[in-house]
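The next block holds one structure in the form of C-alpha cells; read it before the comments.
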Amino acid sequence: MADNIARVFADAIATDPTRPLLTWYDDATGERTELSGATCANWVAKTANLLVDEVALAPGDTAGVLLPPHWQTAAVLLGCWSAKLTVVDAPGDVDVIFAAASKVGEADRWSAGERYVLALDPFALPMREVPAGFTDFVPAVRGHGDHFTAYPAGGEADAALLARAEARAAELCLTPGDRILVDTTTYPDRVDWLLAPLAAGATIVACANLDPSRLDSRTAAEKVTRTLA
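Per the UniProt record's numbering, the very first residue in the sequence shown carries number 1; after that it's consecutive.
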C-alpha cells in the first residue's frame, strides 16, 4: 500500500509507462490531449524540479493552485505533491501560486512568493502576453529536468488527501486496470478526476464541458469501464 501521493503516481505508471494514463477532452473547444504515463511523469518531474531548483522550496512549504481540471493541472498538482508541498485551498500566504489566465484576478487575494500563470493552451504554447507580476509556467518549466526523485514520505496533509482518494476509489468500485471517464464540469474535485483513479491503479479520461450526445461513442472509443458523469 502506497503511503504518499508521489508513490501512488509512480505505482500507477510502473506497469506500462507507454499506455495512456490521462486523456483530456474539452467538448467546448474540441481539444483532445493524450498523455502516456511516461509523458505525464516528465511534466510532473519538470514541475517538481522547478519548485525545488528554481523556487528553492522545501517539504512543508505551501502552494496555491487556482486551476480548473486540465492535464496541465494534473502536472502541477502531482509536481507539488512530489516536492512534498502542501496544496492549500483557502486564500492566504503561500510560497508559490499557480493560476489560470482566467483566474489571475483571484490570485490577488493570495500573498505568494512566486507566481506562475497558465494559459492551458491545447498545445502547451507560451502566452503571447504575460500578466504583470506572473511568470509563464510553460516556458519556465520546459527547461527543467525530466526526472525527479520524490521525497520518501508525505506530511499530514498528503496522508489525509490520499486517504480521501482511497475512500473515493472504493466508493466508485475502481480496480487496477479500470479506465474511468469523468465529467470534470460536474465533478471538478481533484480527488474525483485525478487522485481516486490513480490510487486505484486506473487510467483517466477527463472531459470538460462533456457533450452528452458523445458519451456513448467516447466510452466505446476510449474503452471506458467506469463513468462519473
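The beta carbon of each residue, even a glycine, is placed where N, CA and C say it ideally should be.
Query	Result
Cut-off 7 Å between Cβ atoms - residues of its own chain near Thr62, not counting five sequence neighbours on either side	Leu85, Thr86, Val88, Val94 and Asp95
For Ala196 and Ala157, believed in contact at Cβ under 8 Å, the rounded distance	The Cβ separation is near 17 Å, so there is no contact.
Spatial neighbours of Glu34 in its chain, beta-carbon cut-off 6 Å, leaving aside the 5 residues before and after	Pro20 and Thr23
Of the listed residues Glu222, Gly92 and Glu114, nearest to Asp178 (C-alpha basis)	Glu222
Alpha helix (DSSP H) runs contained entirely in the segment 46-126, provided each spans 4 or more residues	71-82 and 104-107
Minimum C-alpha distance to His70 - residue among Thr15, Ala99 and Ala45	Ala99
Asn49 versus Leu172: straight-line alpha-carbon distance, rounded	33 Å
Best match in Ala56, Val65, Ala74 and Thr135 for proximity to Trp193 [C-alpha to C-alpha]	Ala74
For Thr175, the three-state DSSP class (helix, strand or coil)	coil
DSSP three-state assignment for Arg128, whether helix, strand or coil	coil
Three-state class that DSSP yields for Arg214 in the structure shown	helix
CA-to-CA distance, Ala38 to Val224, given in whole angstroms	21 Å
Length of the line joining the Cα atoms of Pro176 and Gly133	43 Å
Where Val182 falls: helix, strand or coil (DSSP)	strand
Beta-ladder partner(s) of Ile204, from DSSP	Leu22 and Ile180
Anticipated Cβ contact below 8 Å, residue 266 with Leu66, distance rounded	Coverage of the chain is limited to positions 1 through 229, which leaves residue 266 absent and any answer about it impossible.
7 Å Cβ shell around Thr186 - same chain, five flanking residues per side excluded	Ala229
Beta-ladder partner(s) of Leu228, from DSSP	Val182
Check whether Ala6 and Ala163 have beta carbons under 8 Å apart	no
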